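> Numbering-wise (the working numbering), the sequence shown opens with residue 5 and increments by one. Cβ coordinates follow ideal geometry from the N, Cα and C atoms, glycine included. Since the structure is predicted, the reported quantities are computational estimates derived from the model, not experimental observations. First the structure, which I've put down as C-alpha cells, then a few questions once you've had a look.
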Amino acid sequence: MAPTDVTATKQRILDAALEEFGTYGLAGARIDRIAKNGNASKERLYAYFGDKVALFHAVLDADFVEAMECVEWVGGDIPQHAVELFDAMTRKPHIQRMMIWGQLQGEGPRMRKQAEEHSSWLPRMAAIRKAQDDGGIAAHWNPEDLITLIFGLVFAWVVAPGIIDNQSVDAQELARRREVVREATIRICKP
C-alpha cells in the first residue's frame, strides 16, 4: 500500500473548507460536506485541524496572507494600489468572502494582528507617510484609516445590499467600477 500524501490531503481539505466557509460562514458550514468535497474522512479532517473553528482559522489565516500578498505595494501611488487590489479581489472573490466572514465572526483582532505582523505592513505605512510628506496625499489621514477606506471602496460591490457582484457583471461595468475605485481614491487622497 502506497503512503498517503498528507500535504495533498490537507490542501484538499483546506480548498473544500474555503468553498464551504466562503459560501456558508462558520455557523452554516458543515464538516461532512467539507470532508466529502475534500475527498477525505471526517476523522482525517479532525486529526489535521482539531475542530471546525480551528479549520475556519486555518482557512482565514491562509486567505488573509494571500490578501496581503496579492498586490505588491510599489511606492506611494495609492490610487493605482487601490485599483490593483480591486482587480485582485475580483479575480479571487474567495478572499473577500473569507475576510467578510472573519469580520462577521469577530475575527477582526486576529486579522489585524496578522496585518501588523506581515512583512508588507510597515512598508505600506511608510509609503503612505512618505507620500504625505511629499505632498501627494492629504497629511490629515492616519495611514491605517486610509487603508481601511481603500478596502471599503474595493469591497463596496460585495457588501452593498442589492448590488450585483464583480464576477457577475460584464466587462464594461467592471471597467467602470474599477475607475470609480481609482477616482474615489484620488479624491480621498487629494491634499
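1. Among Glu121, Gln118, Asp67 and Asn170, which has the Cα closest to the Cα of Ile25?
2. State the Cα-Cα distance for the pair Ile151 and Ala44, rounded to the nearest angstrom.
3. Answer with buried or exposed for Gln136, where buried requires no fewer than 16 other C-beta atoms within 10 angstroms of its C-beta.
4. Does the Cβ of Ala179 have 16 or more other Cβ atoms within 10 Å, making it buried, or fewer, making it exposed?
5. Tell me the rounded alpha-carbon separation between Ala143 and Met72.
6. Can you tell me whether Glu192 is buried or exposed, with buried defined as 16 or more other CB within 10 angstroms of its CB?
7. Can you tell me whether Gln100 is helix, strand or coil according to DSSP?
8. Would you please state the rounded distance, in angstroms, between the beta carbons of Val198 and His85? I believe it to be under 8 Å.
9. State the DSSP-derived secondary structure class of Ala39, mapped to helix, strand or coil.
10. Between Ile132, Ala31, Leu22 and Lys56, which lies nearest to Gln100 when the distance is taken from Cα to Cα?
11. Which of the three DSSP states is assigned to Gly80 in this structure?
12. Between the C-alpha atoms of Ile141 and Arg133, what's the straight-line distance to the nearest angstrom?
13. Could you give the distance in angstroms between the alpha-carbon of Glu187 and the alpha-carbon of Asp149?
14. For Trp145, name the three-state secondary structure that DSSP assigns.
15. Just the Cα atoms here: how many angstroms apart are Gly80 and Gly112?
16. DSSP on Ser172, reduced to helix/strand/coil?
17. For Arg34, collect the residues of the same chain with a Cβ closer than 8 Å to its Cβ; drop the 5 residues on either side in sequence, then sort them by chain order.
18. Mapping the DSSP letters down to three states, classify Ala202 as helix, strand or coil.
So, to answer that:
1. At residue 25 the sequence reads Phe, which differs from the Ile that was named. Considering only alpha carbons, the answer is Asp67.
2. 39 Å
3. buried
4. Exposed, by the Cβ-count rule.
5. 24 Å
6. The displayed chain sequence assigns Ile, not Glu, to residue 192. Buried: at least 16 other Cβ atoms inside 10 Å.
7. helix
8. Look at the range of the chain in this structure, 5 to 195, and you will see that residue 198 is not part of it.
9. helix
10. Of the candidates Ile132, Ala31, Leu22 and Lys56, the residue whose Cα lies closest to the Cα of Gln100 is Leu22.
11. coil
12. In a straight line, the C-alpha of Ile141 is about 8 Å away from that of Arg133.
13. 18 Å
14. coil
15. 26 Å
16. helix
17. The answer, listed in chain order, is Glu24 and Tyr28.
18. This structure cannot settle anything about residue 202, because the visible part of the chain is limited to 5 through 195.
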